[in-house]
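In numbering that gives the first Met the number 0, the protein residues as written are 0 to 69.
Glycine included, every Cβ here is placed at the ideal spot set by N, Cα and C.
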Amino acid sequence: MDKLLSTLPHVHFLCCPVTGAPPAAKARQLIIAMAGHYASKKEVAYLLVPSIARKAIDLGGNVERGAGCS
Numbered sequence: 000m001d002k003l004l005s006t007l008p009h010v011h012f013l014c015c016p017v018t019g020a021p022p023a024a025k026a027r028q029l030i031i032a033m034a035g036h037y038a039s040k041k042e043v044a045y046l047l048v049p050s051i052a053r054k055a056i057d058l059g060g061n062v063e064r065g066a067g068c069s
């Protein structure tokens, strides 16, 4: 999917698995692991932390490093 979407202008694919139990989700204390285009990760992390998560971990540019994404 990353290769397909990268052919489109201004489109980036991010892999962002989220971890945390339901009480953590309710308390906005989830952890997000982000892989993909750097500027896009930064923009998305700004929106998600602190709205649903307490922390975003950068896994680099390779989206395959994100769990369950390929």
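At a Cβ-Cβ threshold of 9 Å, residue 14 and residue 64 count as neighbours.
Following the DSSP letters along the chain, one finds residue 46 inside the alpha helix (DSSP H) bounded by residues 37–47.
Nearest neighbour of residue 53 by Cα position, chosen from 35, 61, 1 and 30, turns out to be 30. In this structure, 41 is the residue among 24, 5, 2 and 41 with its C-alpha nearest to the C-alpha of residue 58. Secondary structure note for residue 24: its alpha helix (DSSP H) is the uninterrupted segment 21–25.
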